[in-house]
Amino acid sequence: MPEVLKAPLVVEFPFTRSLGPVQSAFLTGLRERVVLGVTTRDGRTLVPPVEYDPVTAEEISDLVHVGTTGTVTTWAWNHEPRRGQPLDTPFAWALVKLDGADTALLHALDAPGPDAVRTGMRVRIRWAEERRGAITDIACFEPYDGDDSTVTVHAGEFEDPVHGIVAQARLDYTYSPGRAQTAYINALAEHRAVGERCPACRKVYVPPRGACPTCGVATAEQVEVGPAGTVTTFCIVNIKAKNLDIEVPYVYAHIALDGADLALHGRIGGIPYDQVRMGLRVEPVWSEGGRYPDHYRPTGEPDADYETYKELL
Amino acid sequence: MTSDAAPEPRDIAVVAFAQSDTLRSTAEVSEVEMLMPVLHDVIAQTGLKTADIGFTCSGSCDYLAGRAFSFTLALDGVGAWPPISESHVEMDGAWALYEAWTKLLSGDADTALVYAYGKSSPGSLRDVLTRQLDPYYVAPLWPDSVALAALQAQALIDAGATDEPELAAIGARSRATDNPRAQLKGPVPQGDYLVRPLRTGDCPPVGDGAAAVVLAAGERARELCERPAWIRGIDHRIEAHSLGVRDLTDSPSTRLAAERAGAFERPVDTAELHASFTSQEVVLRKALRLGDEVAVNPSGGALAANPMMAAGLARIGEAAARIHRGESDRALAHATSGPCLQQNLVAVLEGDPR
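Here the protein sequences come in this chain order: C and Z.
Mind the numbering: the first sequence is residues -14 to 298 in this note's numbering, read in order.
Mind the numbering: the second sequence is residues 13 to 366 in this note's numbering, read in order.
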């Protein structure tokens, strides 16, 4: 069996998230080096603040100004920081109960080593030099013996409050399409199309995914299909896609390759868009060095009879 | 209807369980290719055909595959044409089983296929799992799954609830299993700290795998299985999202779920706990009031094999399989999701009296 294909797959997503009044006040406060909590009806102060009491589900919005010093309630030494974490030198993760707060905030604690950290130790916020209204405006915590607590009621009103954050994320994968699709992709690179036949219903699937969706059994028998096929249905695309160098309008079609029991999809070229029709006979066109068909063009044969492809619509 | 009384709820049982080997890498197979042998195995155990299944429900997660709607491709493995009654949860398959259980309770179906799968190998699991955290205050800091578990472990050590040697013993006992499907078996070095106080041996192996069960109601269950594992109760509960609000040394949501599932009405002889970290077993034993006489994780649990999204369903399956084999009469199964045991499901299973 040939080696299974692998390729890097990077998923990046900059989610823009809106903030409610409480989160907006908290994150704007961080930008101004002010830490705000929210008080519940029974008098607890939650930091970081939330809009609903986690015990009663009651809406809460009374903001209070808490200290920038606090106490570690638990910690864990992280000797190998990972991408995206607050510090790139070894640090402790810590839950810190800020002075005046009844709940703890998770962040990094910059300390020389695990022996310098203990539950109950006193710490203070080290502010990031550039702050924009995000949890990362706190660069980290650092050991500190004093008490800078200034617990006062705060209106939570700032000039130019932040109303949203952009949550950047990047995840790296090594994608492998598995056995069946590897065989399909490798064949395409040789300008051939191969499907797999279901041992039970005898249908030929292109592209093959290793399973027959009707019978729920594994497929394994390889079958060469095409190269020509029949347009079973199509649509005319009038919207130009970003980064796609194709003139609109163009036709996108379902194409049943000869010998296949499932239509795949591809672009139709070499014919005016308004002359594409169901039953049109087409063949793949590979671009120079292409690993897959760039598009399909008419073969010049007479159209296929509807009866021959009606089951594949 | 001549009576206003609610009808007696139907008895529903796990009648079959199958799982794949859990492997560090399965690049040679796609998800559906990994899943299919497990589906065929579980169906064959009951003698049913795919077309006989009344309801199908699955659990998986797009973030593991890095692809939207990845579960739809796996549906090829269940024969979804002609159309079937099907549902999916973006969670561990234990929650898919909960949905199937309610479907059977409602009388809409007599049998259900529940499956779950996850391939952790394509991505970096510790990074991927950060994306389930609070996106405003926590996820931007990228605290990974081991780091969060380590905070919980340190809280337990500070509270005097455990120490590092006891945690090591939990790992060693779990991996002393003879489960042929486990990824780690036998002596495994406790290793270096990953995030202190957790060492490699305190953490689950990263692996790919799948699990499946068949549920059946009433007499149907007796036809399909010699000794059905009757579900006497299931409940699931959740705690506050914010870690700093919770007491990490306890799991009130597990205790409440267990109480509602009837776990405390009579002693259990077996407990399959979804404790991905040794420290979490300490928390769960306390929350579930499990004494030393209870066989905890004879399958090895998540410390021996932790296929994401399938490990919780496998706990229910393993507990049921012990009842099928006559090794247990009353078993508790637990599944979890989220950081530091945020969400917890408890099921109580019983065999017929012997």
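Ideal placement from N, C-alpha and C gives every residue a C-beta, glycine not left out.
The structure displayed is predicted, hence computed values, not measured ones.
Partner residues in the beta bridge of Glu44 (chain C), as assigned by DSSP, are C:Tyr37. Annotation: Ala241 (chain C) to Ala178 (chain C) spans about 12 Å, alpha carbon to alpha carbon. Looking from the CA of Ala172 (chain C), the closest CA among C:Asp145, C:Gly141, C:Thr199, C:Val208 belongs to C:Val208. Along the stretch 240 to 313 of chain Z, the alpha helix (DSSP H) occurs as fully enclosed runs of 4 or more residues at 264 to 272, 290 to 299, listed in sequence order. Asp157 (chain C): not part of any alpha helix (DSSP H); member of the beta strand (DSSP E) spanning 155 to 160, first to last residue. The C-alpha of Ile170 (chain C) lies about 14 Å from the C-alpha of Ser42 (chain Z). Residues of the stretch 150 to 164 of chain C with a C-beta atom less than 7 Å from some C-beta of chain Z are Ile150, Ala152, Ala154, Leu156, Asp157, Tyr158, Thr159, Tyr160, Ser161, Pro162, Gly163, Arg164, listed in chain order. Annotation for Tyr75 (chain Z): Val140, Arg143 place their beta carbon closer than 7 Å to its own, counting only its chain and skipping 5 residues before and after. Looking at the backbone, the Cα of Ala228 (chain Z) and that of Ser157 (chain Z) are separated by about 36 Å. Closest in alpha carbon position to Thr348 (chain Z), among Z:Arg267, Z:Ala30, Z:Phe81, Z:Gly338, is Z:Arg267. Contacts with chain C at 8 Å (Cβ-Cβ) do not include Met320 (chain Z). Three or more Cβ pairs closer than 8 Å define a contact, and the stretch 118 to 136 of chain Z falls short of that threshold against the stretch 300 to 315 of chain Z.
In terms of Cα proximity to Val200 (chain Z), the closest of Z:Ala56, Z:Cys215, Z:Arg193, Z:Thr34 is Z:Cys215. Note: Thr68 (chain Z) is bridge-paired with Z:Glu98, Z:Leu125 in the DSSP secondary-structure output. Scanning Z:Phe289, Z:Ala307, Z:Pro319, Z:Glu271 for the CA closest to the CA of Leu300 (chain Z) turns up Z:Glu271. The DSSP-derived three-state label of Ala196 (chain C) is strand.
CA-CA distance, Ile335 (chain Z) to Ala287 (chain Z), rounds to 21 Å. Pairing Pro177 (chain Z) with Ser9 (chain C), the inter-Cα distance amounts to about 45 Å. Residues of the stretch 57 to 77 of chain Z whose Cβ lies closer than 7 Å to any Cβ of chain C, in chain order: Thr62. The residue from C:Val236, C:Thr217, C:Arg107 with its alpha-carbon nearest to that of Asn223 (chain C) is C:Val236. By the neighbour-count criterion, in which a residue is buried when 16 or more other Cβ atoms sit within 10 angstroms of its Cβ, Val51 (chain C) is buried. For the stretch 117 to 142 of chain C, the residues whose beta carbon sits under 8 Å from a beta carbon of chain Z are, in order, Ala119, Ile120, Thr121. Distance from the CA atom of Thr34 (chain Z) to the CA atom of Val40 (chain C), rounded to whole angstroms, is 39 Å. By the neighbour-count criterion, in which 16 or more other beta carbons inside 10 Å mark a residue as buried, Ser118 (chain Z) falls on the exposed side. Residue-level contact by beta carbon fails for His176 (chain C) and chain Z, as no gap is shorter than 8 Å.
Ala86 (chain C) and Glu251 (chain Z) have their C-alpha atoms some 20 Å from each other. Cβ proximity to chain Z below 8 Å picks out Arg194, Gly195, Ala196, Cys197, Pro198 from the stretch 183 to 198 of chain C. Secondary structure of Leu4 (chain C) (DSSP, three-state): coil. Taking 8 Å as the CB threshold, Pro71 (chain C) lines the interface with chain Z. Not flagged as an interface residue toward chain Z: His280 (chain C), since no C-beta distance is shorter than 8 Å. Counting other Cβ atoms within 10 Å of its Cβ, Leu357 (chain Z) reaches 16 or more and is therefore classed as buried. Asp53 (chain Z) has a beta carbon lying at 8 Å or more from every beta carbon in chain C. Per DSSP, the continuous beta strand (DSSP E) segment holding Gly55 (chain C) begins and ends at 54 to 63. If you check each beta-carbon in the stretch 154 to 170 of chain Z against every beta-carbon of chain C, the ones closer than 7 Å belong to Trp154, Pro155, Asp156, Ala159, Ala162, Leu163, Gln166, Ala167, Asp170. In the DSSP secondary-structure assignment, Thr215 (chain C) is bridged to C:Ala241, C:Arg266. Here the alpha carbon of Glu268 (chain C) sits roughly 4 Å from the alpha carbon of Ala213 (chain C).
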